[in-house]
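Novice: I'd like to ask you about the structure that follows.
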Amino acid sequence: MPDTLTLTDNRTGLTYEVPIEDGAVRANALRQVKVEEADFGLMSYDPAFLNTASVRSAITFIDGDVGILRYRGYPIEQLAVDSTYLETAFLLLFGELPTKDELARFEHEVTYHTFVHENVKTLMTGFRYDAHPMGMFVSVVAALGTLYPEASKVDDPDVRLAQVIRLIAKVPTIAAWSYRHNKGLPYVYPDNDLGFAENFLSMMFKMAESKYSPDPALVRALEVLFILHADHEQNCSANAMRAIGSSKVDPYSALAGAAAALYGPLHGGANEAVLRMLAQIGDVKHVPEFVERVKSGEGRLMGFGHRVYKNYDPRAKIIKETADSVFEVTGRNPLLDIALELEKIALEDEYFVSRKLYPNVDFYSGLIYQALGLPTAMFPVLFAIPRTAGWLAQWLEGIVDPEQKIARPRQIYIGAAERNYVPVDQRTAGARDLVAAH
Ligand SMILES: CC(C)(COP(=O)(O)OP(=O)(O)OC[C@H]1O[C@@H](n2cnc3c(N)ncnc32)[C@H](O)[C@@H]1OP(=O)(O)O)[C@@H](O)C(=O)NCCC(=O)NCCS
90 MPDTLTLTDN RTGLTYEVPI EDGAVRANAL RQVKVEEADF GLMSYDPAFL NTASVRSAIT
150 FIDGDVGILR YRGYPIEQLA VDSTYLETAF LLLFGELPTK DELARFEHEV TYHTFVHENV
210 KTLMTGFRYD AHPMGMFVSV VAALGTLYPE ASKVDDPDVR LAQVIRLIAK VPTIAAWSYR
270 HNKGLPYVYP DNDLGFAENF LSMMFKMAES KYSPDPALVR ALEVLFILHA DHEQNCSANA
330 MRAIGSSKVD PYSALAGAAA ALYGPLHGGA NEAVLRMLAQ IGDVKHVPEF VERVKSGEGR
390 LMGFGHRVYK NYDPRAKIIK ETADSVFEVT GRNPLLDIAL ELEKIALEDE YFVSRKLYPN
450 VDFYSGLIYQ ALGLPTAMFP VLFAIPRTAG WLAQWLEGIV DPEQKIARPR QIYIGAAERN
510 YVPVDQRTAG ARDLVAAH
């Protein structure tokens, strides 16, 4: 049987044979389907890209029905146990795990680019005292591009690589300083003796001590969270990174756009909503009543369900184990018992089972961040630090893909047909009245 799809246009009775490649047909193949020669041709309409692949990518594989997540073929479960964030970042960016020498060099390069220009500090001190750290992050990443004008040469592989190193290295510094600013605390410079996650914790929490040394179990937990959040194929922010990058703007501007997408509550803010929900439930004994309210359509069980995963999110499993190691050091987060009870009830309940609603990555991550002493406003920033590696891997892949052009979707125009301009004194209803009437 040929790998083709036969289409019949019932308007004309004509049939067309369209090739099927990798389980997909090219939307452009529909353009030949016309009633008249002058027609534009058939388009596909897919709001929110529910069933449209926009790229061919070799970075991350997800099978949501069975709960599989792999970076460059490596199962997330193995990376979470055996790898480090920087090694995982290398893998995402360059396609293979590094050799010992490559890893040492990459770690060295990232470590020695963690400092930012002093102008960045001046810029950050200009934000209002209570500026949201994610708003600061988005702005400062964009501003960073002004310090590296050569970054606009995106077709030069050496220039690209230099910006990749800079961005991965500097985002923790910007993130930590946005927190210090919020707290009214002096900014802490990077410590090149420390590893990636450890240095971030030092820039966040170091006070008068000459050396900040966090508990190794907490450093590892943060490292695991960084690995789990490093990439997730074509999600909203990755798509923003690729779309903005397709205009060949510098990667700082594209990454600021991706981070802005992550700022939205539907993307990077769900773990904060989980914490609010758990606090609102308040006690394990209120869980059954809360579940009943969700089932009757009163709100959602935050941290449950996923557009892609129709099975247990593999990251949620790992995070649950990581939470145990964190609570051994910090003491048990009292909200954990409520979360465990919620999960137990929901996993047995017909409503959740039939809709394939399982805990997602956000169900437990907020609890860990809270136990680490990280405020909720920092949650999307903590997501943005590791996701920088994923955004850059997606950007690098897109920029050299010969099939990619500037991203520019089509539309189905549903507005007014051509009409004549009406002078202002002859208009009856104003546009604002019309909007208000809707
Ligand atoms: C993640 C999410 C947006 C995915 O949404 P989606 O793929 O568009 O799924 P839908 O909104 O179509 O939901 C399908 C059904 O499950 C129900 N449902 C989905 N998530 C639910 C939840 N968390 N709690 C209760 N019911 C839920 C919907 O009401 C719908 O039921 P219906 O068929 O009776 O109308 C959604 O599951 C959600 O809002 N989850 C809570 C927020 C969250 O944790 N987000 C983080 C994602 S990483």
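If you count the sequence shown from 1, position 147 lands on 236 in the numbering used here, and the numbers rise without skipping. By construction, the Cβ of each residue, glycine as well, lies at the ideal position given by its N, Cα and C atoms.
Quick one: is the Cβ of V363 within less than 8 Å of any heavy atom of ligand 1?
Specialist: Because some heavy atom of ligand 1 lies under 8 Å away, the Cβ of V363 counts as near it: yes.
Novice: Cβ of V450 within 8 Å of any heavy atom in ligand 1?
Specialist: True, at least one ligand heavy atom lies under 8 Å from that Cβ.
Novice: For L182 versus T149, is the C-beta distance shorter than 9 Å?
Specialist: No, the Cβ-Cβ distance between L182 and T149 is not below 9 Å.
Novice: Go to Y105, then tell me how far its beta strand (DSSP E) extends in each direction, as first and last residue.
Specialist: Its beta strand (DSSP E) spans residues L103 to P108.
Novice: Would you call A137 buried or exposed, if buried means 16 or more other Cβ atoms sit within 10 Å of its Cβ?
Specialist: Exposed is the call here.
Novice: My guess is that A473 and V260 are in contact by the Cβ rule of under 8 Å, so how many angstroms apart are they, rounded?
Specialist: Rounded, the Cβ-Cβ distance is 7 Å, consistent with contact.
Novice: Just list the residues that DSSP pairs R159 with in beta bridges.
Specialist: In DSSP, R159 forms a bridge with F150 and P164.
Novice: Pairing CB atoms from the segment 210 to 222 with CB atoms from the segment 241 to 252, are three or more of them under 8 Å?
Specialist: Because the criterion of three Cβ pairs below 8 Å is not met, the segment 210 to 222 and the segment 241 to 252 do not touch.
Novice: Please go through the same chain and pick out, in chain order, the residues whose beta-carbon is closer than 7 Å to the beta-carbon of G156, but skip the five residues on each side of it.
Specialist: Only Y398, N400, Y401, D402 and P403 meet the Cβ criterion.
Novice: Taking only three categories from DSSP, how would you classify L233?
Specialist: Helix.
Novice: Please report the distance separating the alpha-carbon of A348 from that of R269.
Specialist: So the alpha carbons of these two residues sit roughly 20 Å apart.
Novice: When burial is assigned at 16 or more other CB atoms within 10 Å of the CB, is I457 buried or exposed?
Specialist: With 16 or more other Cβ atoms within 10 Å, it is buried.
Novice: Should I408 go down as buried or exposed, given a rule of 16 or more other Cβ atoms within 10 Å for buried?
Specialist: The residue is buried, with at least 16 neighbouring Cβ atoms inside 10 Å.
Novice: Would you kindly report the start and end of the unbroken alpha helix (DSSP H) that includes L98?
Specialist: Leu is not the amino acid found at residue 98; the sequence shown has Asp there. Looking at the DSSP string, D98 is not in any alpha helix (DSSP H); the run it does join, the beta strand (DSSP E), is T93 to D98.
Novice: Could you tell me whether the Cβ atoms of V227 and Y352 are closer together than 9 Å?
Specialist: Contact: yes.
Novice: Answer with buried or exposed for M213, where buried requires no fewer than 16 other C-beta atoms within 10 angstroms of its C-beta.
Specialist: When all chains shown are included, M213 counts as buried.
Novice: Jot down the residue ranges of each uninterrupted alpha helix (DSSP H) in the segment 405 to 445, minimum 4 residues, whole runs only, in chain order.
Specialist: Within the segment 405 to 445, the complete alpha helix (DSSP H) runs of at least 4 residues are 424 to 437 and 439 to 443.
Novice: So does H221 have its beta carbon nearer than 8 Å to some heavy atom of ligand 1?
Specialist: Because no heavy atom of ligand 1 lies under 8 Å away, the Cβ of H221 does not count as near it: no.
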